[in-house]
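Q: Take this structure, written in structure tokens, and hold onto it; I'll ask about it next.
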Amino acid sequence: MNEVYEKLVKCYESVRKKIDFKPRAALILGSGLGDYGESIQVESTLDYHDIEGFPVSTVPGHKGRFLFGYVGDVPVVIMQGRVHYYEGYPITDVVLPIRLMKMMGAELLFLTNAAGGLNPDFSVGDFMMITDQIANFVPSPLIGPNIDELGPRFCDMSEIYNKDLQGIIRETAKELGISIKEGVYVQLTGPNFETPHEVKMCRILGGDAVGMSTACEAIAANHMGMKICGISCISNMGCGMQEQPLSHAEVQETADRVAPLFKKLITGCIVNMFRE
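Numbering-wise, the working numbering comes out as the position in the sequence shown, counting from 1, plus 392.
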């Protein structure tokens with residue numbers, strides 16, 4: 393058996409010994425959204441440390457656990473803290489949680505993050521629905537022997553972010569009176585913030601927001617046939633687009649400030665996505 397797949401199966405078996413819950417949606421909480429789980433009906437929690445072989449998040453503010461519960465009537469699995477490539481994990485470990493949530497039963501992946509704004513029309517605190525992505529600066533999680541049990545060797549990437557789900561996000565934001573931008577997300581490795589010329593490069597390539605996660609997760613989910621949507625919180629403007637230097641404290645402060653609105657938007661979107 394492929395060693396990456398073998399590790400995934402062991403994690404799945406470890407979860408199943410502890411949790412009997414089948415989610416329909418998977419949600420990854422970015423910076424500032426860590427306490428979103430407190431606002432839903434939680435049935436079970438599972439610390440990453442308690443899953444055999446599971447990579448553990450080391451970023452401050454990321455709680456490092458799965459929540460199983462309901463957003464409205466929708467059964468969900470929520471990651472309170474993701475794993476980043478810059479933490480030193482191989483890219484296959486970074487996307488292992490995505491693959492695991494699909495094995496649990498999730499058919500839809502909702503990605504959130506805090507990102508730097510590249511588009512001069514954006515402002516700090518804006519929300520950006522991700523319509524496409526650029527992931528060339530991090531290794532593809534599909535490099536190596538293909539895991540046929542998960543998906544095809546060469547997967548189509550023409551619609552990573554599902555257009556029907558994008559329509560629901562637009563309508564939900566309109567219903568709630570929440571302004572939302574749209575654009576392309578660029579993933580760089582981190583953990584350092586970008587230089588002014590790296591910001592210019594990303595903008596020239598067509599990026600509207602830049603961060604250190606998300607795109608590789610979407611690749612893994614797309615490979616497995618999941619429906620994917622994503623929203624970035626513009627927590628700061630890219631280096632060189634504002635006078636003050638960048639800091640994680642600024643990112644956290646902005647994310648925390650707009651979190652109540654972000655949570656309201658996420659809840660509304662998930663409920664509407666599964667409305668019969």
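All C-beta atoms in this analysis are idealised placements derived from N, C-alpha and C, irrespective of residue type, glycine included.
Assign Leu557 to one of two classes, buried (16 or more other C-beta atoms within 10 Å of its C-beta) or exposed (fewer than that).
A: Locating residue 557 in the sequence shown gives position 165, where the first residue counts as 1. Under this definition Leu557 is a buried residue.
Q: Just how far apart, CA to CA, sit Leu419 and Ile596?
A: The residue labelled residue 419 in the question sits at position 27 within the sequence shown. The residue labelled residue 596 in the question sits at position 204 within the sequence shown. Each residue's alpha carbon lies about 31 Å from the other.
Q: Would you call the stretch 462-471 and the stretch 410-417 touching, i.e. three or more CB-CB distances under 8 Å?
A: Yes, since at least three Cβ pairs between the stretch 462-471 and the stretch 410-417 fall closer than 8 Å, the two stretches touch.
Q: Ile522 and Leu657 - do their beta-carbons sit closer together than 8 Å?
A: Within the sequence shown, numbered from 1, the residue matching residue 657 stands at position 265. Within the sequence shown, numbered from 1, the residue matching residue 522 stands at position 130. No, these two residues do not count as a Cβ contact at 8 Å.
Q: Quickly, what does DSSP pair Gln433 with across the bridge? List them, please.
A: Taking the sequence shown and counting its residues from 1, the one referred to as residue 433 is at position 41. BP columns for Gln433 point to Tyr462.
Q: Note down, in chain order, each residue of its chain lying with its Cβ closer than 7 Å to the Cβ of Ile432, except the 5 sequence neighbours on either side.
A: Position 40 of the sequence shown, counted from the first residue, corresponds to residue 432. Excluding positions up to five away in sequence, the list reads Gly461, Tyr462, Val463.
Q: Let me check one thing: in DSSP terms, what residues is Asn669 bridge-paired to?
A: Outside the displayed range of the chain (393 to 668) lies residue 669, so it cannot be described from this structure.
Q: Using the three-state DSSP reduction, which class does Lys455 fall into: helix, strand or coil?
A: Locating residue 455 in the sequence shown gives position 63, counting from the first residue. Coil.
Q: Residues in its own chain within less than 6 Å of Pro399 by CB, not counting five upstream and five downstream?
A: The count along the sequence shown starts at 1 and reaches residue 399 at position 7. The displayed chain sequence assigns Lys, not Pro, to residue 399. Once the five neighbours on either side are set aside, the close Cβ partners of Lys399 are Gly445.
Q: Taking 7 Å as the limit between beta carbons, can you name the residues of its chain near Arg443, skipping five residues before and five after?
A: Here the question's residue 443 lines up with position 51 in the sequence shown. Going by the sequence as given, residue 443 is Ile instead of Arg. Correct list, in chain order: Cys403, Ser406, Val407.
Q: Put Pro482 into one of helix, strand or coil per three-state DSSP.
A: Position 90 of the sequence shown, counting from 1, holds the residue named residue 482. In this structure, Pro482 counts as coil in the three-state DSSP scheme.
Q: Please state if the CB of Ile611 and the CB of Ala507 are separated by a distance shorter than 8 Å.
A: Taking the sequence shown and counting its residues from 1, the one referred to as residue 507 is at position 115. Taking the sequence shown and counting its residues from 1, the one referred to as residue 611 is at position 219. For Ala507 and Ile611, no; Cβs fall outside 8 Å.
Q: Who are Arg439's beta bridge partners in DSSP?
A: Stepping through the sequence shown from its first residue, residue 439 is reached at position 47. Reading the sequence as shown, one finds Asp at residue 439 and not Arg. Answer by DSSP bridge pairing, in chain order: Arg457.
Q: Counting Cβ pairs, one atom from each stretch, are 3 or more of them under 8 Å apart for the stretch 528-548 and the stretch 635-651?
A: Verdict: no, contact absent.
Q: I'd like to confirm the pairing. Which residues does DSSP put opposite Glu398 in its beta bridges?
A: Here residue 398 is taken as the residue at index 6 of the sequence shown, counted from 1. According to DSSP, which records beta bridges pairwise, Glu398 is partnered with nothing at all.
Q: Tell me whether Gln636 is buried or exposed, calling it buried when 16 or more other Cβ atoms sit within 10 Å of its Cβ.
A: Mapped onto the sequence shown, residue 636 falls at position 244. Flag for Gln636 reads exposed.
Q: Which residue comes first and which comes last in the alpha helix (DSSP H) that contains Ile611?
A: As a first step, residue 611 is located in the sequence shown; it is residue number 219 there, counting from the start. Looking at the DSSP string, the run of the alpha helix (DSSP H) that includes Ile611 is 607-615.
Q: Could you give the residue range of the alpha helix (DSSP H) that holds Met593?
A: As a working mapping, residue 593 is identified with position 201 in the sequence shown. Here the alpha helix (DSSP H) through Met593 covers 588-596.
Q: On the three-state DSSP scale, how would you describe Ile573?
A: In the sequence shown, the residue the question calls residue 573 occupies position 181. Residue identity check: residue 573 is Lys in the sequence provided, not Ile. Three-state result, Lys573: strand.
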